[in-house]
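Colleague: Residue numbers (our numbering): 5 to 505. In this text, a Cβ means the ideal position worked out from N, Cα and C, and glycines have one as well. Would you mind keeping the following structure in view while I ask a few things?
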Amino acid sequence: MTDLTALTLSEARDGLRKKAFTATELTEAHVGAIEQANGALNAYVLTTPEHALAQAGASDGRLAKGDARPLEGLPLGNKDLFCTNGIRTTACSKILDDFKPAYESTVGGNLWNAGAVMLGKLNNDEFAMGSSNETSAFGPVVSPWRRNGSDTKLVPGGSSGGSSAAVAANLCLAATATDTGGSIRQPAALTGTVGIKPTYGRCSRWGIVAFASSLDQAGPIAKTVRDAAIMLTSMASYDAKDSTSVNVPVPDYETGLTSGVKGLRIGVPKEYRVEGMSSEIDALWQKGIAILKDAGATIHDISLPHTKYALPAYYIVAPAEASSNLARYDGVRYGLRVPGRDVIETYENTRAAGFGHEVRKRILVGTYVLSAGYYDAYYLKAQKVRTLIKRDFDEAWDKVDVVLTPTTPSPAFGFGEKSGDPIAMYLEDIFTVTVNMAGLPGISVPAGLSSQGTPLGLQLIGKPFDEATLFRTAQAIETASGRFTVPQTWWRDAAAKKGKS
């Protein structure tokens, strides 16, 4: 039998239905891979093998009876931002301690009701605040990719670094993730995986630990465009428990993948040619343009003039909402409690001990921009800029169907190379934040390798609730470019050496 963990989600689904292997065998293969690799990669902060095998056993019963649901028996990883009933959920922060929710997130519930198997909780930047997965209370995630001829530890992107690393290293067939300013698409681009941030309101936010409520959106990271389409079909739903959930039908995204891009109008925004962008990113962009043109799409230069204000506006809106959302962590009702002489000192002690540096920094910035005297100058102005960014896209949709840009300004970087420079780190989101600010869908698809041998991604931005067009456009790029898989499973060698010593 071939290595079951190397299968794509769709291949595993087809194999289960043909009875080439069982859900239990598939799950056991992934559990074994995690045991072997997680010491080196740190992608999972909690593994749930017994839970997974129980789910797989139930799936085998359904498969035997011909009663398979859409994701029957398929092992997935679940970002530690998604609440899991009776299973520890921490948002990778000390402040939540050993918190075990008494409920399941709506997205998680949708997946398990569709037959999926949960392998465990995946690492992420603390409260999803970061672009490198270096801010987690459980330590950083190591990318399974390496530069040519180097053993420097590379970041897998963030905040969904555990999700992207686990998918790239075959430690799950696909994974849940969240995107507030690029936290699905940027890690996907840095690890050769596919990640889609759906339209705001497409997936329920209920049961997902909040960062910035007007920006947060759940989505999948997967090995292929087809796998991402299969995942989103099950993840998305209308949910009355989420006031921002939009009651529109969820199509079967997989069915439209092969309809091609002939006649599609592809917009190329001049504002995304930013100062300091590497030549190989620009070359990748030109490659994407050529692929889509050859596939029958037409290419149109467009302008999104307020793009240059998106990043500073985002870093006002997001911290402001984080300051409000994170006020609930006070050491009184759940999570960490560090006692003080009175309730105020208990709050202070708990929050000082529980929040990491990056989270504290963003809370302070957010509290400042919301304070009397500064609200109009900063927060209100940022919201006006946000309206202008959305208007730019609204006007662009009269001329084009999809916008094509790079996903990141550079390839994956090493640990510590940017974490000491907040501006350099925040610039990682320069191509992705506009999508969140405008509430639009965006997908990152791998399209090439850097001169260092590491993956590079292209981003496609679509009209509201038109994820189907993004998927078929991404499929055209994937078909022309091929898949980019990790060339060397160095963590297996490390595990073997450790076992011998």
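Could you pull the start and end residues of the alpha helix (DSSP H) that Ala216 belongs to?
Modeller: Neither: Ala216 is in no alpha helix (DSSP H) and is coded neither H nor E.
Colleague: Evaluate Val336 with the Cβ neighbour count: other Cβ atoms within 10 Å of its Cβ, from every protein chain shown; 16 or more gives buried, anything less gives exposed.
Modeller: That one is exposed.
Colleague: Identify whether Gln456 lies in helix, strand or coil by the three-state DSSP scheme.
Modeller: Residue state, collapsed to three classes: coil.
Colleague: Considering Cα atoms alone, identify which of Phe131, Tyr319, Glu399 is closest to Leu330.
Modeller: Nearest of Phe131, Tyr319, Glu399 to Leu330, Cα basis: Phe131.
Colleague: Count the other C-beta atoms from every protein chain shown that fall within 10 angstroms of the C-beta of Asp398, then say buried if there are 16 or more, exposed otherwise.
Modeller: When all chains shown are included, Asp398 counts as exposed.
Colleague: Roughly how many angstroms lie between the CA atoms of Ile99 and Pro273, to the nearest whole one?
Modeller: The straight-line gap from Cα to Cα measures roughly 42 Å.
Colleague: Keeping to the same chain, check which residues put their C-beta closer than 6 Å to that of Asp334; ignore five residues upstream and five downstream.
Modeller: Result list for Asp334: Tyr351, in chain order.
Colleague: Could you pull the start and end residues of the alpha helix (DSSP H) that His55 belongs to?
Modeller: Looking at the DSSP string, the run of the alpha helix (DSSP H) that includes His55 is 53-68.
Colleague: Which residue or residues does DSSP assign as beta-bridge partners of Met122?
Modeller: In DSSP, Met122 forms a bridge with Leu80.
Colleague: Quick one: grab the DSSP three-state call for Arg476.
Modeller: Helix, per DSSP.
Colleague: Determine the extent of the beta strand (DSSP E) in which Pro410 is found, giving its start and end residues.
Modeller: Segment 406-410, the beta strand (DSSP E) holding Pro410.
Colleague: Leu462 by DSSP, collapsed to three states: which one?
Modeller: Residue state, collapsed to three classes: strand.
Colleague: Could you tell me the boundaries of the beta strand (DSSP E) in which His310 lies?
Modeller: No beta strand (DSSP E) contains His310, which DSSP labels as neither H nor E.
Colleague: Cα separation between Asp101 and Cys207?
Modeller: Roughly 27 Å between the two C-alpha positions.
Colleague: How far does the alpha helix (DSSP H) with Arg21 in it reach, from first residue to last?
Modeller: Taken as a continuous stretch (DSSP letters only), the alpha helix (DSSP H) holding Arg21 covers 13-21.
Colleague: Going by DSSP, what residues sit across from His304 in a beta bridge?
Modeller: In DSSP, His304 forms a bridge with Gly271.
Colleague: Can you give me the start and stop residues for the beta strand (DSSP E) that Thr26 sits inside?
Modeller: It is not in any beta strand (DSSP E) - Thr26 carries neither H nor E in the DSSP assignment.
Colleague: When burial is assigned at 16 or more other CB atoms within 10 Å of the CB, is Gly186 buried or exposed?
Modeller: Classification of Gly186: buried, given that the 10 Å Cβ count is 16 or more.
Colleague: With DSSP collapsed to three states, give me the class of Thr182.
Modeller: Thr182 falls in the strand class under three-state DSSP.
Colleague: Which residues mark the beginning and the end of the alpha helix (DSSP H) in which Gly112 is found?
Modeller: Element bounds for Gly112: 110-117.
Colleague: Counting Cβ pairs closer than 8 Å, one from the segment 416-435 and one from the segment 134-144, do we hit at least three?
Modeller: Yes, the segment 416-435 is in contact with the segment 134-144.
Colleague: For Leu78 and Ser163, what's the separation of their Cα atoms in angstroms?
Modeller: Rounded to the nearest angstrom, the two C-alpha atoms are 24 Å apart.
Colleague: Count the other CB atoms, across all protein chains shown, that sit within 10 Å of the CB of Asn251; report buried if there are 16 or more and exposed otherwise.
Modeller: Exposed.
Colleague: When burial is assigned at 16 or more other CB atoms within 10 Å of the CB, is Glu279 buried or exposed?
Modeller: Exposed is the call here.
Colleague: Mapping DSSP to helix, strand and coil, what is Leu75?
Modeller: Coil at Leu75, not helix or strand.
Colleague: If you follow the alpha helix (DSSP H) that Lys388 is part of, which residue opens it and which one closes it?
Modeller: 385-400 is the extent of the alpha helix (DSSP H) around Lys388.
Colleague: Going by beta carbon distance, what residues of the same chain come within less than 8 Å of Arg487, once the five residues before and after it are set aside?
Modeller: Excluding positions up to five away in sequence, the list reads Gly196, Lys227, Thr228, Pro450.
Colleague: For Arg92 versus Gln492, is the C-beta spacing smaller than 9 Å?
Modeller: Cβ distance not < 9 Å, so Arg92 and Gln492 don't count as in contact.
Colleague: Taking all protein chains shown into account, do 16 or more other C-beta atoms lie within 10 angstroms of the C-beta of Met5, making it buried, or fewer, making it exposed?
Modeller: At Met5 the pLDDT is 48, less than 50, meaning the model places this residue with poor confidence and gives no usable figure here.
Colleague: Would you kindly check if the distance between the Cβ of Val407 and the Cβ of Leu464 is under 9 Å?
Modeller: Yes, these two residues count as a Cβ contact at 9 Å.
Colleague: Which same chain residues, not among the five before or five after His34, have their C-beta less than 7 Å away from its C-beta?
Modeller: So the qualifying residues of the chain are Thr9, Pro79, Leu123, Leu175, Cys176.
Colleague: For Tyr48 versus Lys125, is the C-beta spacing smaller than 9 Å?
Modeller: Cβ distance < 9 Å, so Tyr48 and Lys125 count as in contact.
Colleague: Taking the C-alpha atoms as reference points, what is the distance between Ala356 and Cys87?
Modeller: C-alpha separation (whole angstroms): 24 Å.
Colleague: Determine the extent of the beta strand (DSSP E) in which Gly199 is found, giving its start and end residues.
Modeller: Unbroken beta strand (DSSP E) run through Gly199: 198-201.
Colleague: Going by beta carbon distance, what residues of the same chain come within less than 7 Å of Gly267, once the five residues before and after it are set aside?
Modeller: Around Gly267: Gly300.
Colleague: For Gly358 versus Val342, is the C-beta spacing smaller than 9 Å?
Modeller: Against a cut-off of 9 Å, the Cβ pair of Val342 and Gly358 comes out as a contact.
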